[in-house]
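Working notes, structure below.
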Amino acid sequence: MLNNYRYTAAERFMRYVQVDTQSDPHSRTQPSTPTQKDLSLILVEELKAIGVADAHLDDFGYVYATIPSNTEKKVPVICFCSHVDTAPDCSGSNVKPILHKAYAGQDIILPDDRTQVLRMEEYPYLQQLKGNDLITASGLTLLGSDDKAGVAEIMDLANYLCTHPDVKHGTIKILFTPDEEVGRGTDKADLQKLGADYAYTLDGGEKGDLEDETFSADGVKVTINGVSAHPGYAKDKMVNALKIAGQILGALPKDRLAPEATEGRRGFIHPVNISGSAEQCEIEFIIRDFETPGLKKKEDFLRTLVEETVRVFPKAGFEFQVTEQYRNMKEVLDVHPNVISFAKEAITRAGLEVKMESIRGGTDGSRLSFMGLPCPNLFTGMQAIHSKLEYISVQDMEKAVETLVHLVQVWEEKS
Ligand SMILES: [Zn+2]
């Protein structure tokens with residue numbers, strides 16, 4: 000607990016979720032939906048009211064702000080980053096947040112659609128939240144804790160630091176991004192302008208979670224070249240590329256190397272699209288592994304499987320094209336061990352157990368890390384995200400704020 004501090008994270012969160020900021024993967028504009036700026040403008044005004052004078056929104060929908068250093072020491076510039084948009088998977092308009100005080104461990108029926116029931120047996124983390132105040136949506140929409148929880152917590156950090164000048168810290172940068180959920184969160188981020196040395200995204204789940212790993216990811220496009228002929232006169236001439244593609248897909252392992260058969264630290268080979276005709280057919284795959292050399296092994300395995308399948312058809316051929324998508328951010332973070340060790344120290348000072356997690360996907364943090372801004376991911380408390388059953392504990396949000404307050408002090412102390 001921060002001494003006698005009245006947290007503002009939950010109150011802010013309840014307001015922010017009522018602003019529809021759903022992003023749109025089909026839009027070509029930046030940000031993808033103009034409503035995202037509605038929330039960003041509110042954040043700028045609130046930051047200014049707190050005393051963060053340079054807070055501003057740029058044309059692309061990014062909010063930049065600086066909390067100046069208040070120490071004589073030379074401390075690395077630390078950025079905290081969250082995204083304002085919510086996922087396109089589930090409606091984000093007219094979100095009605097509900098505060099459930101002192102959760103007693105019962106199932107929670109959401110009032111606007113009584114078939115939406117948050118059950119402890121399905122969401123075992125609820126067990127740990129007995130006695131906490133929970134926030135849910137009303138049953139018709141997602142809640143938007145991904146990532147408005149992170150936004151509200153960073154805002155509360157700003158509020159805390161501006162009202163507690165005795166708490167020593169270096170220069171703190173704040174970055175709120177649009178369009179993370181449609182994979183464009185860092186496209187227009189101006190890191191030069193941001194001027195941070197290290198960053199943390201607040202976009203994680205359970206209290207104590209610290210994520211320093213993402214998948215490494217490649218895309219593979221296999222093009223199969225068959226031989227077309229008039230089907231009425233195709234005997235001994237036609238080689239159907241679609242049928243070869245079918246054999247390749249059928250030959251993929253079923254009990255391993257597939258998303259539906261793997262978890263934890265195991266990667267996979269995953270066909271995501273197929274298109275074409277008898278003459279030519281393309282299969283697109285995504286390849287995932289926590290180790291970048293592991294990607295190469297999976298690609299070699301796939302190439303051999305394609306080769307052996309196509310070899311049976313002497314007149315057919317294939318092309319195999321690998322495209323790099325993103326890399327495990329641990330490759331960057333391992334070079335900057337303080338970023339993780341100071342975060343662990345801050346989580347511990349907040350009275351929590353550190354839980355190191357790996358993300359079976361990518362994050363804005365992994366992109367930022369490879370753009371030159373090492374950036375692991377911290378917990379926010381968000382749960383059951385992208386669904387109508389989304390929930391978050393007020394006390395978890397406050398623990399996240401407390402962790403951030405410790406974190407800026409750890410950086411100051413150890414510099
Ligand atoms: Zn998120």
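Quick note on numbering that gives the first Met the number 0: the sequence shown kicks off at 0 and runs consecutively. Note that the Cβ used here is the ideal one computed from N, Cα and C, for glycine as well. Since we're looking at a predicted model, the values are computed, not measured.
Within the segment 255 to 298, the complete beta strand (DSSP E) segments of 3 residues or longer fall at 267 to 275, 279 to 288, listed in chain order. Across the set ILE173, GLU323, HIS405, the C-alpha of GLU323 shows the shortest separation from the C-alpha of PRO292.
Less than 9 Å separates the beta-carbon of GLY60 from that of VAL83. In this structure, ILE153 has its CB at a distance of at least 8 Å from all heavy atoms of ligand 1. Under the 8 Å Cβ criterion, the segment 157 to 177 does not count as touching the segment 214 to 230, having fewer than three qualifying pairs. Put simply, the segment 58 to 76 touches the segment 162 to 181. At least three CB pairs are less than 8 Å apart. For the set ASN224, VAL16, ALA188, the Cα lying nearest the Cα of GLY275 is the one of ASN224. Note on geometry: alpha-carbon atoms of HIS385 and GLU205 lie some 16 Å from one another. A Cβ-Cβ separation of about 10 Å leaves PHE378 out of contact with ALA349 under the 8 Å criterion.
By DSSP's assignment, THR135 forms a beta bridge with ILE97, TYR390. Taking the C-beta atoms as reference points, VAL221 is found no nearer than 9 Å to VAL311. With 5 Å as the limit, the residues whose C-beta approaches any heavy atom of ligand 1 more closely are ASP145, ASP146, ASP202, in sequence along the chain.
Taking the CA atoms as reference points, GLN21 sits about 28 Å from ARG287.
Bounds of the alpha helix (DSSP H) holding GLU44 are 35 to 49.
Assignment of SER414 by DSSP, reduced to helix, strand and coil, places it in the coil class. By a beta-carbon distance limit of 8 Å, SER81 does not contact ASP196. Their separation comes to about 19 Å.
Three or more beta-carbon pairs separated by less than 8 Å are not found between the segment 244 to 264 and the segment 227 to 235, which leaves the two stretches without contact.
Pairwise C-beta distances place the segment 178 to 185 out of contact with the segment 333 to 347, as fewer than three of them are shorter than 8 Å. Beta bridge pairing from DSSP links PHE369 with no other residue.
The residue among PRO30, LEU98, ARG113 with its C-alpha nearest the C-alpha of GLY130 is LEU98. GLU318 and GLN35 have their C-alpha atoms spaced approximately 42 Å apart. Between the alpha carbons of LYS72 and GLY263 lies a gap of roughly 41 Å.
With a minimum length of 4 residues, the unbroken runs of alpha helix (DSSP H) contained wholly in the segment 168 to 236 fall at 190 to 193. Within the same chain, Cβ atoms closer than 7 Å to the Cβ of GLN408 are found at VAL166, LYS167, HIS168, the five residues on either side in sequence being excluded. Taking 9 Å as the cut-off, the Cβ atoms of GLY364 and TYR102 do not count as close. In the structure shown, LEU301 falls within a helical segment according to DSSP collapsed to helix, strand and coil. Taken through DSSP and simplified to helix, strand or coil, CYS78 comes out as strand. Looking from the CA of GLY245, the closest CA among ARG255, THR261, ALA260, GLN279 belongs to GLN279.
Residue pairing by DSSP places TYR63 opposite HIS55, LEU174 in a beta bridge. In the three-state DSSP reduction, LYS354 falls in the strand class (E or B). Secondary structure at ILE107: strand, using DSSP grouped into helix, strand and coil. Between PRO96 and PHE12, the CB-CB gap stays under 9 Å. When the alpha-carbon of GLN191 is set against those of GLY371, PRO164, ASN272, LYS329, the nearest one is in GLY371.
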